[in-house]
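Novice: The structure under discussion is supplied below as structure tokens; questions concerning it will follow.
Residue numbers (this note's numbering): 807 to 961.
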């Protein structure tokens, strides 16, 4: 029998672990180093980890049986943190591009069955226009400490 490959432990450690666990590992090693840069903004590994935990805890009080959650953010650091937060919470994410026409976004929501929309203040009006439960998470307010997320009841 051949000896085990030296590559196998790497594959087990990195390929078979959830991305949020790998983020936590990187945060322990490099908490002050940049993790995400986009549109003139930057989040360190520590800030990205805190943002993902904030999104996860925001979603924790909501029933998972409601299915997928739409993400209505511009591409950038806020989107990255929100996506990782939903993954950490075990929730399926449906990315929506706010530059698309509302009719197209509405079709995507209907097609995927997503009845909740996670967004920021910048896109709150568009999210409300689309219907469903709007969950506001301003990704750059999380440093101020935990706060109760604002929501609108489902239509």
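Think of the CB as a built atom: it goes at the ideal place given N, C-alpha and C, for glycine as much as any other residue.
For clarity, every value in this text was computed on a predicted model and none was experimentally measured.
Which complete alpha helix (DSSP H) runs does the region 895-927 hold, if anything under 4 residues is left out?
Specialist: Here the runs fully enclosed are 908-918.
Novice: For a quick check, are the C-beta atoms of residue 923 and residue 940 less than 8 Å apart?
Specialist: Yes.
Novice: Roughly how many angstroms separate the alpha carbons of residue 920 and residue 873, rounded to a whole number?
Specialist: For residue 920 and residue 873, the distance between alpha carbons rounds to 6 Å.
Novice: Below 8 Å on the Cβ atoms is my guess for residue 902 versus residue 861; work out the distance and round it to an integer in Å.
Specialist: In fact, because the Cβ distance is near 16 Å, the residues do not count as touching under 8 Å.
Novice: Please say whether residue 932 and residue 878 have beta carbons closer to each other than 8 Å?
Specialist: Yes, the Cβ-Cβ distance between residue 878 and residue 932 is below 8 Å.
Novice: Run through the region 851-892 for me and flag every whole beta strand (DSSP E) of 3 or more residues, listed as ranges in chain order.
Specialist: Listed in chain order, they are 875-878.
Novice: So what does residue 848 bridge to, in DSSP terms?
Specialist: Bridge partners of residue 848: 843.
Novice: Return the chain-ordered list of same chain residues with a C-beta closer than 7 Å to the C-beta of residue 930, the five sequence neighbours on each side being excluded.
Specialist: Excluding sequence neighbours, residue 930 sits near 940 and 942.
Novice: Pick helix, strand or coil for residue 935, following the three-state DSSP scheme.
Specialist: Here residue 935 sits in helix by DSSP.
Novice: Just to check my reading of the structure: residue 876 and residue 900 have Cβ atoms closer than 8 Å, yes? What is that Cβ distance to the nearest angstrom?
Specialist: Right, their Cβ atoms sit about 5 Å apart.
Novice: According to the Cβ coordinates, are residue 850 and residue 863 closer than 8 Å?
Specialist: The answer is no: Cβ separation not under 8 Å.
Novice: Since residue 926 and residue 944 should fall inside the 8 Å C-beta cutoff, what is the C-beta to C-beta distance between them, to a whole number of angstroms?
Specialist: Contact holds; Cβ gap of about 5 Å.
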